[in-house]
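Trainee: If you use my numbering, the first sequence closes out at 509, no skipped numbers anywhere. One structure follows; several queries about it will come next.
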Amino acid sequence: MPVSQRPDHRLVRTDDSWLTLPNPANVPVEICAGPEVPIESAAIDELLTVLETADTLRALARATPGLEVEPRIDRVVCTPDFHKGAGIPIGTVLRTVGALIPQAVGNDINCGMWVEATDLTVDRLRPHLDTLERRLRHLFFEGGRRIGLTATQREGLLRDGLPGLLAGGVPTDADGAWRQVRPDDTTDLDGRLHATGFPVGSASGFRDWITSGGGTSYDSIIGSIGGGNHFAELQYVSAIHDGAAAHAWGLAPGRVVLMVHSGSLSLGHQANATGQDQARAGWPHGVPMPNNRILPMLLDEAGAPRRERYLTAFANAANFAIGNRFFLAMMLRAGLADVVGEIGSRLVYDAPHNLLWPDDDGTVVHRKGATPAGGITDHAHRGPELWGEPVIVPGSMGAPSYLLRGLGDTRALGSACHGAGRRVPRGAAARGSDAELDDFLREFRVVTPLDHRDPAIAGRRDIVDAWRRDLKQEAPWAYKDVGPVVDSLRRADVARPVAELQPILTVKG
DNA sequence: ATGTCC
């Protein structure tokens, strides 16, 4: 069993909601998790490795004269879905002073959750699910996928997000499916990355993204979901825990909700690679590269041009992700409209969970697999945030998702979890039982690019086996129970549950 | 997380 149910002996429980991790670097590290949430030992190992970056920052500072502030890792918070990732655990919030760490955002820059509340009821939709399934397979995988962008649309999107894209005209494909775009769809959404707030580096720059190597260039198309745990899903409101907030967000029992989990596809990876290349190129002579291979960048004057290169690529990838999530939600909406007629819908929130949040006080909050959970006073000028920042916690495939309202808890660095958290590593999950997967697929609608019931496909054992391996990695049993995870947030006063959402149909990339 | 095609 890869997950220990016993508390890791290196962790010290402070109360019912929090653990601390004493460490040689003396960085304050706290983990928000109730006693019933399993904590992966490998994730603690990884976190201790990350803390060696505190030494890296000291070595960089010694080699860089004239710094105004002492660069350091100020504080680390882990969310209840915390688990081992690539270099830095997923579910890590890391606040720095005088430095930024590209890897603490992760590869999939501005991966996030889109939630939209419709005025359609699940009862009205149920009789049409077979038709809808066929329609969505067409929209996502046969027709609408890979909607080409003109050079103007592409540059507009990368520079300025959704408004930039639409300024270049609405993208169309042979289906003409994107008739669904309406200007008022974006009313509650900035649709672009906020100015980064760094002295240099802006959200409106544009990197030359021309990709080489013959692979698909995702900067010139829109409408792909991506792989792994990414999805586009139809759900319905199955329970309300906070009537006033739910009402304000347009959620009522039985209402259909659109949820999208997607990121910046290959763009984020390229931007992160740019960050690491720039950090390496600007590395001071005489400072050894760290063993943990985490390369921070100091926020000094001399590093400005290199930082700007990273932040421009970062902003382009982030803007792409927002525009792509908008399109994926629109494709769901278009499918619904095709089977039940026009429906009304309203954005609840677009919540990023892999991003940088610089502050005026010189600190930079890095979230990797953690979502902001600001309180009412933080953003009271915006509609949904009058009730606290919406926190979207997707369940694993087939499991319910939660909507919560953030309380702006400072101990948690205003952060909540972005899912239930993986329990079984990908490799082990892929080796799981076929029968269990088949049982699951019989009772749950999953739309994938491959229709395994198609007789032409069903005979191809190699193809179907590969498809099964991918799906098993995202099966419910590969993830922690979302209930105790969400309950940890509630008990810690990080966020309060507003509504529960039950899946109806999931589209997987 | 990323990619891919039957």
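Quick reminder that beta carbons are idealized off the backbone N, C-alpha and C, glycines included.
Relative to the C-alpha of Phe327, which candidate in Gly250, Ala304 and Ser262 has its C-alpha closest?
Mentor: Out of Gly250, Ala304 and Ser262, Ser262 has the C-alpha closest to the C-alpha of Phe327.
Trainee: Would you list, in sequence order, the uninterrupted alpha helix (DSSP H) runs of no fewer than 4 residues that lie entirely inside the region 57 to 138?
Mentor: For the region 57 to 138, whole alpha helix (DSSP H) runs of length 4 or above, ordered along the chain, are 122 to 125 and 129 to 137.
Trainee: Could you check if Glu443 is buried or exposed, using at least 16 other CB atoms within 10 Å of its CB as the buried criterion?
Mentor: Label assigned to Glu443: exposed.
Trainee: Span of the beta strand (DSSP E) holding Asn354?
Mentor: Unbroken beta strand (DSSP E) run through Asn354: Asn354 to Pro358.
Trainee: Helix or strand or just coil, what does DSSP make of Gly156?
Mentor: In the structure shown, Gly156 sits in a helix (DSSP, three-state: H, G or I).
Trainee: Which same chain residues end up closer than 6 Å to Pro394 when comparing Cβ atoms and leaving out the 5 residues on each side of it in sequence?
Mentor: Excluding positions up to five away in sequence, the list reads His261, Ser401 and Gly419.
Trainee: If we require 3 or more residues per run, which beta strand (DSSP E) segments fall completely within the region 372 to 444?
Mentor: Counting only runs of 3 or more, we get 390 to 393, 401 to 406 and 415 to 417.
Trainee: Do you know offhand how far Ser217's Cα is from Gly156's?
Mentor: So the alpha carbons of these two residues sit roughly 17 Å apart.
Trainee: Going by the CB atoms, is the gap between Asp74 and Arg58 shorter than 8 Å?
Mentor: In this structure, Asp74 does not lie closer than 8 Å to Arg58 by Cβ.
Trainee: Could you please give the first and the last residue of the uninterrupted beta strand (DSSP E) stretch that includes Val287?
Mentor: Note, Val287: premise wrong, no beta strand (DSSP E); not H, not E.
Trainee: In whole angstroms, what is the alpha-carbon distance linking Pro127 and Pro503?
Mentor: Cα-Cα distance, rounded: 16 Å.
Trainee: Taking C-alpha atoms, which residue in Leu162, Gly335, Ala302 and Pro163 lies nearest to Glu68?
Mentor: The candidate whose alpha carbon is nearest that of Glu68 is Ala302.
Trainee: With a threshold of 7 Å on Cβ separation, who are the neighbours of Asp434 within its own chain once the five nearest residues in sequence on each side are excluded?
Mentor: Excluding sequence neighbours, Asp434 sits near Arg468.
Trainee: In three-state terms, what does DSSP make of Thr448?
Mentor: In the structure shown, Thr448 sits in coil (DSSP, three-state: anything other than H, G, I, E or B).
Trainee: Return the first residue and the last residue of the beta strand (DSSP E) that Lys508 is part of.
Mentor: Per DSSP, Lys508 belongs to the beta strand (DSSP E) from Ala495 to Lys508.
Trainee: Within the chosen definition, does the region 450 to 469 reach the region 486 to 499 through at least 3 CB pairs nearer than 8 Å?
Mentor: They do not touch, by the three-pair rule.
Trainee: Between which two residues does the alpha helix (DSSP H) holding Trp467 run?
Mentor: It spans Arg461 to Gln473 - the alpha helix (DSSP H) in which Trp467 sits, taken as one unbroken run.
Trainee: Just the C-alpha distance for Phe206 and Arg460, rounded to the nearest angstrom, thanks.
Mentor: Phe206 and Arg460: Cα-Cα distance of roughly 44 Å.
Trainee: On the premise that Gly421 lies in contact with Arg405, defined as a C-beta separation below 8 Å, what is that separation, rounded to the nearest angstrom?
Mentor: Not confirmed; about 21 Å, so no contact.
Trainee: For Gly66 and Lys472, what's the separation of their Cα atoms in angstroms?
Mentor: Whole-angstrom Cα-Cα distance: 53 Å.
Trainee: Can you confirm whether the region 295 to 311 touches the region 329 to 347 when touching is taken to mean that 3 or more C-beta pairs between the two stretches lie within less than 8 Å?
Mentor: As far as the Cβ criterion goes, the region 329 to 347 does not touch the region 295 to 311, which means the pair count is below three.
Trainee: If we call anything under 8 Å between Cβ atoms a contact, is Gly528 one with Cys417?
Mentor: Residue numbering for the chain in the displayed model covers 1 to 509; residue 528 lies beyond these limits and cannot be assessed.
Trainee: I believe Glu52 touches Pro290 by the beta-carbon criterion, under 8 Å. Please report the beta-carbon distance rounded to the nearest angstrom.
Mentor: Going by Cβ atoms, the distance from Glu52 to Pro290 rounds to 7 Å, so yes, they are a contact pair.
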